[in-house]
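Visitor:
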Amino acid sequence: MKKYFEITLIDNPNMSVCELWSKFYMQLHLALVEQQDQQGKIPIGISFPEYRYESKKGGYLGNKVRMFAQDENLLQLLDLNKWFAHLADYIHCTSIREVPSDRVITYAQYRRYHVKGNFGNLARRRAKRHKMSLDEAIKHYQSKAYTSDLPYIQLKSLTNQQSFRLFIEKRKRNELTQDGFGTYGLSSSSTVPEF
740 MKKYFEITLI DNPNMSVCEL WSKFYMQLHL ALVEQQDQQG KIPIGISFPE YRYESKKGGY
800 LGNKVRMFAQ DENLLQLLDL NKWFAHLADY IHCTSIREVP SDRVITYAQY RRYHVKGNFG
860 NLARRRAKRH KMSLDEAIKH YQSKAYTSDL PYIQLKSLTN QQSFRLFIEK RKRNELTQDG
920 FGTYGLSSSS TVPEF
């Protein structure tokens, strides 16, 4: 990862930061979808330079995103002016820059964290085991709080229109690994520089 640019979400009285994250990240996701290769991988990774997380205290994404790629052309192909035209008053985007290799402290993986929330199989097993209806078993699991205190972005699926939380987990790593990223710019194997 040799090139990057930074996007800052600007505080605005007309839109909360959470709402802005949702609108921004949905557009970013759509822009990244267009960059997929035949394996569904994307050569552009994302970092959250202000990311903070403490267990039981919760997390914070901040209001900055860095987008990394191996070369400038890959970042230009995103055509962010097209995707963020309606958010121009709410975000600031820097020009594409060289990653300052002398300032790289470490590397990080930003990955999607899946919360166990699909009760289907659990409910079927419970219904069978406890001789109850499937509806009763589903209600049992719905009353449980299956969530996380990791930072997240509230999104809406374009496929089924359901809202969901995109939980983001950060893991520190010692080296740069490049195996491609998903359509949210996240990866459970690839890393991005931290500086």
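If you're matching positions, the sequence shown starts at 740 in the numbering used here and goes up one per residue.
Ideal placement from N, C-alpha and C gives every residue a C-beta, glycine not left out.
So S761 and Q900 are supposed to be a Cβ contact under 8 Å. How far apart are they, rounded?
Guide: Actually they are not in contact, since the Cβ atoms of S761 and Q900 sit about 14 Å apart, beyond 8 Å.
Visitor: For the beta strand (DSSP E) that E789 lies in, which residues bound it at each end?
Guide: Note, E789: premise wrong, no beta strand (DSSP E); not H, not E.
Visitor: In three-state DSSP terms, what is Y891?
Guide: strand
Visitor: Roughly how many angstroms lie between the CA atoms of K741 and H853, to the nearest whole one?
Guide: So the two alpha carbons sit approximately 30 Å from each other.
Visitor: If we ignore side chains and look at the alpha-carbon of each, how far apart do D888 and R850 end up?
Guide: 15 Å
Visitor: Counting along the chain, where does the beta strand (DSSP E) carrying K796 start and finish?
Guide: No beta strand (DSSP E) holds K796; DSSP gives it neither H nor E.
Visitor: Our contact map puts K780 next to F920 with C-beta atoms below 8 Å; I'd like the distance itself, whole angstroms only.
Guide: The pair is a contact, with the Cβ atoms about 7 Å apart (cut-off 8 Å).
Visitor: Quick one: what does DSSP say Y923 is sitting in, helix, strand or coil?
Guide: In the three-state DSSP reduction, Y923 falls in the coil class, being neither helix nor strand.
Visitor: Across which residues does DSSP place I749 in a beta bridge pair?
Guide: Looking at the DSSP assignment, I749 forms no beta bridge with any residue, so it has no partner.
Visitor: The alpha helix (DSSP H) with K762 in it runs from where to where?
Guide: Counting along the chain, the alpha helix (DSSP H) containing K762 begins and ends at V756 to V772.
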